[in-house]
Amino acid sequence: MSEQPPGAADVPEEWPVHEVEQVWKGGAPFSVRVDTISAPGQPDVRFGRMVVEHPGAVVVLALDEQERALVLHQYRHPARMRLAELPAGLLDKEGEDPLVAAKRELREEALLLAARWTHLFTTYSSPGFSSEQISYFLARGLTPAPDRGDFEPEHEEADMTTSWVPVADLVDGVRQGRVSDSPMVIALLGYLQFCR
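Going left to right, the sequence shown walks through residues 26 to 221 as the working numbering numbers them.
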């Protein structure tokens, strides 16, 4: 058993990797591999861990002067639900600055620009099997964007709608189980804890 880190802190650590098997590589920037690893000092006790490789993502809580959030309503097939979500998206290329990606996603999905940006935090979504990290941003000083840039909505995104929802209503929706998108919940908690 490893020693506990001092205080509330994550500690960088890497266990030995003995084999890597690429299981799947799709057209999107995702892939799945199985790493055969062992605990430090126990090279003969090996076990497999599936890893979903993910490029990273951003989520934007865009608030107007009335404390209303720009909410996207989008069908998500795995959930079989039209979810209330925030503007979000993948990092398009390796090493992309998350703030650049956040500005792009706000413009593409919400047709908005923001004058003030605050990085709330970055989290691992499900580190037991995925490398995905999501950077959360608060966007203020909103103005209409002239266009979506090079973005052309298709599939579920072409059917996406938007609305302005008071933060208090979103929080009530979370408490009552009507809003269940985890990035929405995390962004709201971060805003309420750090920015109010």
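Yeah, the Cβ is synthetic: ideal placement off N, Cα and C, and Gly gets one too.
Counting of Cβ neighbours within 10 angstroms places V125 among the exposed residues, the total staying below 16. Straight-line spacing of the CA atoms in V84 and D35 works out to 22 Å.
Nearest to V59 by alpha-carbon distance, out of V190, S155, P171, A127, is S155.
With a contact defined as Cβ atoms closer than 8 Å, V57 and V77 qualify at about 6 Å. About 4 Å separates the beta carbons of G114 and E130, which is inside the 8 Å limit, making them a contact pair. Per DSSP, S205 lies in no beta strand (DSSP E) segment and is marked neither H nor E. A distance below 7 Å between beta-carbons, with the five flanking residues on each side excluded, links V48 to the following residues of its chain, in chain order: V57, R58, V59. Secondary structure at F55: coil, using DSSP grouped into helix, strand and coil. Of the residues I62, P80, H79, G66, the one whose Cα lies closest to the Cα of F72 is I62. Here DSSP, grouped into helix, strand and coil, assigns L138 to strand.
In the assembly as shown, Y161 is a buried residue. Its beta-carbon has 16 or more other beta-carbons within 10 Å.
Taking C-beta atoms as the reference points, P191 and R93 count as a pair closer than 8 Å.
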